[in-house]
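Novice: This is the structure I have questions about; it appears just below.
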Amino acid sequence: MMNYNRRGFLLYIVITVLLALAIMAFALNSLKSGAVTQLAKNVDQNRLTLLAQSANAEVIAMIRSKVNLDPASRIFHNFRSVFPDTDGNIPPLRQPIVLFSNFEPQQTLEIAQNVGYKLKIKSKAVLTAYREAPARSVTAFNAYLDVYSQAYREGFEENLIEVHERRDIRLVDLRHRLDRYALFVKNYGPDYNNPRRRLVVDGIEGSGPDKSHIYLGNFNYPDSADPQKYLWLDVYTPETRNLPGFAPVTAYTGLVGFENATMPACLFSRHKFPYGSLGSIEDKYFYKVQTVIDLYETFVNQAANGALGNPDLPRKTGTALVQKCGQAMAATNSNAAAYEICDDFRSNYIAADGGQYHKCAGFMKILNTCFEQWQYVFGYTDAASIWKIDNYTPPALPMPKTWATSLAFGGLATTTVQYRHKGPYFAENLDEKYSDELKKSVIFNPERIKVGKMAKLYGEDNDKSVIIEGPVFLRYFKVGFFDEFKKTINFYRADKVINPAPVPLNFYRYDKPETFLNKTIAELPTGGVKPEKFLMSRDVASFPINCLLGDTIEYYDGNGVPAVMNPISTFGFPNFTNPITPPGTSIPGTSFGRLIDYRTVSWNYPNSATFLAQRVANLKGEKTLFLDGVIYIEEGDLDLTGITRFYGKGMIYLGRGNCTIGNFRRAEKRPKDTVRFYLRRGDFLIESASDEVYIEASLAAFFYPFRSKNPLYQGSLILNGKSRVTIYGNLLVDYLYTEDKSGRGLAYGGKLHIIHDPKIYDAAAEIDGQKLDPYHVSIGPVRTLYSVNSGGKTF
Amino acid sequence: MDQARWIVVFSVIVFMIATLTLLHKFSKPSVEPLAKPAEQNESVSLPVVSDQPEKVAQPSVMAKPTSIKFSRPPAHVFAVENNEAFARENRESSTRGKIIE
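Line order of the protein sequences matches chains A and B. Per the numbering used here, the very first residue in the first sequence carries number 55; after that it's consecutive. Per the numbering used here, the very first residue in the second sequence carries number 1174; after that it's consecutive.
See below:
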């Protein structure tokens, strides 16, 4: 009985415990469907929201990583579908472009799984462009990116959270007209012929119409009475003779000297024509030829001396000779030849205008003999063969080479007193003349005396085709003279040997009163594309510079249509006075610049310091500038001297301030990156510990407002005495010089080398099999819209 | 103890094991592998920034490309802006300066 009771009690305890457990389980079960369920749901929603946000962040990071860097991805292409197609058709704005709609953000899912959360997440991204930049030269869009992410626990889709956020998007096509220029200089430049500090431009290696362009303007030309305010580039035989147009233009046949002359072989060609072939030159033009006058005076003096019985009497000229002739006539009979000679001179000499002999029969006989015997000889050469262009410092003038000062060949550079020891070419161009435009007398044209050798605009190896725009002509020189001869003539019944000295045909300005020197003659064939039609020694300065490329040049016209031209067709005038613009328009180079659309700018900075603080970081031990589309800096000098690399693609537009720059290039393994600097009111200053500086960038400094005459309001490149500055990009400035007194140009013997980067010329080119991307997409760092939707969903 | 009591104890233990097993199963769900969607194949890669030293930039010119094909330039490359457009930009830039953060 006792045992039964104990067993019953234990059984009772066990059953009671089980009952209590059952009651607890039941109670808990009931509670879960109430407050506990609510609590669990709340926690769940918070978790889902957090994970959906994470999914959005992952989606944006993924888009960011692909949108500019992964041309193979759909995202990359979808963003670019906003831009006009190859035919220029622009897709309509506000048309949503679904980038993807069932994307599962893997990183976020892994996070959820790692904490034991069986989750379903899917994301959607939609791009909507809503504004196009209004400027014609700018292709850029404003857009927004909507990202949606839905998260729910597997099996509980009714418990869904959708997070939506919106980001600002800026899409820009970085290409611009100015990219096509290797060099663009708005103002007159003094150093295009400077042999001591060379400018070298290597254009792109293009074919067909794809060529680098160079614009050399003449704004702010020096005060000058010359109506031709042009630029002349001196061909330099060793460097330019292999250009296709050189030989046809200059009649080059290999370097030669004049026949029987002591001179270096420096003539492109030499030519000889009898006087009779020169066309209708009036005799009166030669009445003042000193050689003929000298010869005639000699004969008259000899006759007078003979009549006076003293061959050693001093030589007389002009009125004194008239008196001497009178004495001679009195001393001899009227039938003597000497009497007739003296009588002819005494009777017909005209004292006016320094003495005129043309009424004298004897003089005319000699002159006519010259007309019969003279050979007109001329040849062409370059400035470097006439003047010692390397050994002088402006404003001094270069001294002529010895051969160019000899009697026959001194037409340009004889150092006689008559030309103030400067030679006819310099003296004539330095003569003052009244300028109607300036209302004062000024030097005729100081630019014309800047002789030298032209900048190497066709490349270091003179093998690149470039189109040169602006009022630019090539220049070389012609040396001409009437050669000496010997002829025995019957002069008043006596044989006389006529052996006049060579007659140099001195340079004489075209705008001066007409003489045989500046009057056109019959056209004489030279073998060149243009015949010779002046007698005098002169600068040949009417060939547009593009003639050096031959008679056929392909290029893009102002509408972007491939065109062909023969540069000789505008002989005497520039091929392109202004930069090439659509046919029917003429826009001076001074009006060119680059606009930005502020609303499509990716980043704005109030000053350069803020910009540098936020955009410069160490990359592999070097200070690196990180780019992201168009970056606008309001003002402040931008000092990049310690920054040696850049990463990314874009343009830095500095509103006001200078940019100091030293060695600067792409980050390693980033060959497709490009950077363009545009200074709206500032200069580029080269600053580096190294004497040689290398920059991979497009440098533009066009001061706004344009067309300022103030020297301080000119965007320029200050070279600061460096020996060598290489710009692998392009250079666009108001004013460019390589030599100045303050040492802000290049060092002596220095070189400014501009290599046109094909990635700047055409940001969409295919280089070494890799297609470049001309566009850049910037994704805003902040959410412009954010919403959480519980239970509902949009996709 | 007699046999009945052992049965009761044993049944309680079995019941608890079963309960714990079930609890364990439901408290820690198994991780199933997820199928990658198409876009997922494009791995996320951000610029790698490291502090590894690198040689200092030297003034040597970039290597010449071996082949270049240029594209036909788009229309905006040939567009020319007039003075009014530049004046408008100038006005906007003045305003812009004031609103930049």
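Here a beta-carbon is modelled for each residue, glycine too, at the ideal position from N, C-alpha and C. For clarity, every value in this text was computed on a predicted model and none was experimentally measured.
Tell me whether Met418 (chain A) sits in a helix, a strand or coil according to DSSP, three-state version.
Specialist: Walking along the first sequence from the start, residue 418 (chain A) turns up at place 364. Helix at Met418 (chain A).
Novice: Buried or exposed, going by whether 16 or more other CB atoms sit within 10 Å of the CB of Ala832 (chain A)?
Specialist: Residue numbering aside, residue 832 (chain A) sits at position 778 when the first sequence is read from its first letter. Correcting the residue identity first, residue 832 (chain A) is Ser in this sequence and not Ala. Classification for Ser832 (chain A): buried.
Novice: Ordered along the chain, which non-local residues of its own chain (more than five positions away) have a Cβ less than 7 Å from that of Asp222 (chain A)?
Specialist: Here residue 222 (chain A) refers to the residue found at position 168 of the first sequence. Result list for Asp222 (chain A): Tyr198, Gly834, Thr838, in chain order.
Novice: Which residues does DSSP pair with Glu538 (chain A) in a beta bridge?
Specialist: As a first step, residue 538 (chain A) must be located in the first sequence, where it is residue number 484. DSSP lists no partner for Glu538 (chain A).
Novice: Output the distance between the C-alpha atoms of Arg185 (chain A) and Asp682 (chain A), rounded to the nearest integer angstrom.
Specialist: Locating residue 185 (chain A) in the first sequence gives position 131, where the first residue counts as 1. Locating residue 682 (chain A) in the first sequence gives position 628, where the first residue counts as 1. If I take the Cα positions, the gap works out to 20 Å.
Novice: Using a Cβ-Cβ cut-off of 8 Å (strictly less than) and excluding sequence neighbours within five positions of Ser742 (chain A), which residues of its own chain qualify?
Specialist: Looking up residue 742 (chain A) in the first sequence gives position 688. So the qualifying residues of the chain are Thr695, Gly716, Asn717, Lys776.
Novice: Determine the direct distance from the alpha carbon of Val68 (chain A) to that of Asp1175 (chain B), and round the result to whole angstroms.
Specialist: For this step, residue 1175 (chain B) is matched to residue 2 along the second sequence. For this step, residue 68 (chain A) is matched to residue 14 along the first sequence. One C-alpha to the other measures close to 15 Å.
Novice: Shortest alpha-carbon distance to Ala382 (chain A) belongs to which of A:Leu362, A:Gly372, A:Thr371?
Specialist: Here the question's residue 382 (chain A) lines up with position 328 in the first sequence. With distances taken between Cα atoms, Ala382 (chain A) lies closest to A:Leu362.
Novice: To the nearest angstrom, how far is it from the Cα of Asp727 (chain A) to the Cα of Tyr701 (chain A)?
Specialist: Walking along the first sequence from the start, residue 727 (chain A) turns up at place 673. Walking along the first sequence from the start, residue 701 (chain A) turns up at place 647. Approximately 7 Å, taken between the alpha carbons.
Novice: Checking the sheet assignment: what are the DSSP bridge partners for Pro742 (chain A)?
Specialist: Reading the first sequence from its first residue, position 688 is the one you call residue 742 (chain A). Rather than Pro, the amino acid found at residue 742 (chain A) in this sequence is Ser. Partner(s): none; Ser742 (chain A) has no beta bridge.
Novice: Taking 8 Å as the CB-CB limit, is Phe1243 (chain B) close to chain A?
Specialist: Here the question's residue 1243 (chain B) lines up with position 70 in the second sequence. Yes, its Cβ sits closer than 8 Å to a Cβ of chain A.
Novice: Can you grab the Cα-Cα spacing for the pair Gly638 (chain A) / Asn613 (chain A), in whole Å?
Specialist: The residue labelled residue 638 (chain A) in the question sits at position 584 within the first sequence. The residue labelled residue 613 (chain A) in the question sits at position 559 within the first sequence. Approximately 11 Å between the Cα atoms of the pair.
Novice: Per the contact definition of three or more C-beta pairs closer than 8 Å, is the region 231–239 of chain A in contact with the region 806–820 of chain A?
Specialist: Counting Cβ pairs under 8 Å, three or more are found: they touch.
Novice: Quick check on Glu1257 (chain B) - is its C-beta less than 8 Å from some C-beta in chain A?
Specialist: Here the question's residue 1257 (chain B) lines up with position 84 in the second sequence. False, the Cβ-Cβ gap to chain A never drops below 8 Å.
Novice: Within 10 angstroms of the Cβ of Asn629 (chain A), are there 16 or more other Cβ atoms? Answer buried if so, exposed if not.
Specialist: The residue labelled residue 629 (chain A) in the question sits at position 575 within the first sequence. With 16 or more Cβ atoms within 10 Å of its Cβ, Asn629 (chain A) is classed as buried.
Novice: Pull up the distance between the alpha-carbon of Pro660 (chain A) and that of Lys677 (chain A), whole angstroms please.
Specialist: Translated into positions along the first sequence, residue 660 (chain A) becomes position 606. Translated into positions along the first sequence, residue 677 (chain A) becomes position 623. Looking at the two C-alpha atoms, the distance is approximately 22 Å.
Novice: Name the chain B residues whose beta carbon is nearer than 8 Å to that of Pro812 (chain A)?
Specialist: Sequence index remark: in the first sequence, residue 812 (chain A) carries index 758 (1-based). Going along chain B in sequence order, the residues near Pro812 (chain A) (Cβ under 8 Å) are Pro1238, Ile1241, Phe1243.
Novice: With a cut-off of 8 Å on the beta carbons, I'd call Thr468 (chain A) and Thr459 (chain A) a contact; round off their distance for me.
Specialist: Counting from 1 along the first sequence, the entry for residue 468 (chain A) is found at position 414. Counting from 1 along the first sequence, the entry for residue 459 (chain A) is found at position 405. That pair is a contact at about 5 Å.
Novice: Near Leu75 (chain A), what residues of its chain come up, given a Cβ to Cβ distance below 8 Å and the 5 sequence neighbours on each side ignored?
Specialist: Your numbering for residue 75 (chain A) matches position 21 in the first sequence. Here the set comprises nothing.
Novice: At 8 Å on the CB atoms, spell out the chain A contacts of Arg1264 (chain B), in chain order.
Specialist: Your numbering for residue 1264 (chain B) matches position 91 in the second sequence. Those within 8 Å of Arg1264 (chain B) in chain A number zero; the least Cβ separation is about 11 Å.
Novice: Anything in chain B within Cβ reach of Gly696 (chain A), meaning under 9 Å, just list it in chain order.
Specialist: Working through the first sequence from its first residue, we reach residue 696 (chain A) at position 642. Those within 9 Å of Gly696 (chain A) in chain B number zero; the least Cβ separation is about 11 Å.
Novice: What span of residues does the beta strand (DSSP E) with Phe731 (chain A) cover, start to end?
Specialist: Position 677 of the first sequence, counted from the first residue, corresponds to residue 731 (chain A). Start and end: 729–733.
Novice: Just to confirm my understanding: we take Ser439 (chain A), look at its own chain, exclude 5 residues before and 5 after, and list those with CB closer than 6 Å. What are they?
Specialist: Within the first sequence, residue 439 (chain A) is the residue found at index 385, counting from 1. Within the same chain, Cβ atoms closer than 6 Å to the Cβ of Ser439 (chain A) are found at Cys320, the five residues on either side in sequence being excluded.
Novice: For Met508 (chain A), which three-state DSSP category applies?
Specialist: Counted from its first residue, the first sequence places residue 508 (chain A) at position 454. Coil at Met508 (chain A), not helix or strand.
Novice: Looking only at DSSP bridge pairs, what is Leu679 (chain A) linked to?
Specialist: Translated into positions along the first sequence, residue 679 (chain A) becomes position 625. Partner(s): A:Val670, A:Phe700.
Novice: Whose CA, out of A:Pro579, A:Ala358, A:Thr635, A:Val526, lies closest to the CA of Leu602 (chain A)?
Specialist: Here residue 602 (chain A) corresponds to residue number 548 of the first sequence, with the count starting at 1. Ranking the options by Cα distance to Leu602 (chain A), first place goes to A:Val526.
Novice: Distance, Cα to Cα, Pro328 (chain A) vs Trp428 (chain A)?
Specialist: Here the question's residue 328 (chain A) lines up with position 274 in the first sequence. Here the question's residue 428 (chain A) lines up with position 374 in the first sequence. So the alpha carbons of these two residues sit roughly 6 Å apart.
Novice: Can you pull the chain B residues whose beta carbon is under 9 Å from the beta carbon of Asn613 (chain A), in chain order?
Specialist: On the first sequence, position 559 is the one that residue 613 (chain A) refers to. Residues of chain B passing the Cβ test: Ala1248, Phe1251.
Novice: Could you tell me which residues DSSP pairs with Phe195 (chain A) in its beta bridges?
Specialist: Counted from its first residue, the first sequence places residue 195 (chain A) at position 141. DSSP, once it has assigned bridges, lists A:Glu186, A:Leu225 as partnering Phe195 (chain A).
Novice: Which of the residues in the region 255–281 of chain A, read from start to end, lie with their CB under 8 Å from any CB of chain B?
Specialist: Ile258, Glu259, Gly260, Asp264
Novice: Check whether the Cβ of Pro138 (chain A) lies closer than 8 Å to any Cβ atom in chain B.
Specialist: Translated into positions along the first sequence, residue 138 (chain A) becomes position 84. It does: the Cβ of Pro138 (chain A) has a partner Cβ on chain B nearer than 8 Å.
Novice: Look up Val864 (chain A) in the DSSP assignment and say whether it is helix, strand or coil.
Specialist: For chain A, the structure presents residues 55 to 849; residue 864 (chain A) sits outside this window and is missing.
Novice: With a cut-off of 8 Å, does the C-beta of Leu228 (chain A) fall near any C-beta of chain B?
Specialist: In the first sequence, counting from the first residue as 1, residue 228 (chain A) sits at position 174. It does not; no Cβ of chain B falls within 8 Å.
Novice: Anything in chain B within Cβ reach of Val169 (chain A), meaning under 7 Å, just list it in chain order.
Specialist: On the first sequence, residue 169 (chain A) is found 115 positions in, with the first residue counted as 1. The contacting residues do not exist; Val169 (chain A) stays about 11 Å from chain B at best.
Novice: For Thr635 (chain A), go through chain B and note every residue whose CB falls closer than 7 Å to its CB, in chain order.
Specialist: On the first sequence, position 581 is the one that residue 635 (chain A) refers to. Under the 7 Å cutoff, chain B gives Val1253.
Novice: Grab me the residues of Gln99 (chain A)'s own chain with a C-beta within less than 7 Å of its C-beta, minus the 5 sequence neighbours each way, in chain order.
Specialist: Working through the first sequence from its first residue, we reach residue 99 (chain A) at position 45. Same-chain partners within the cutoff: Ile215, Ser844.
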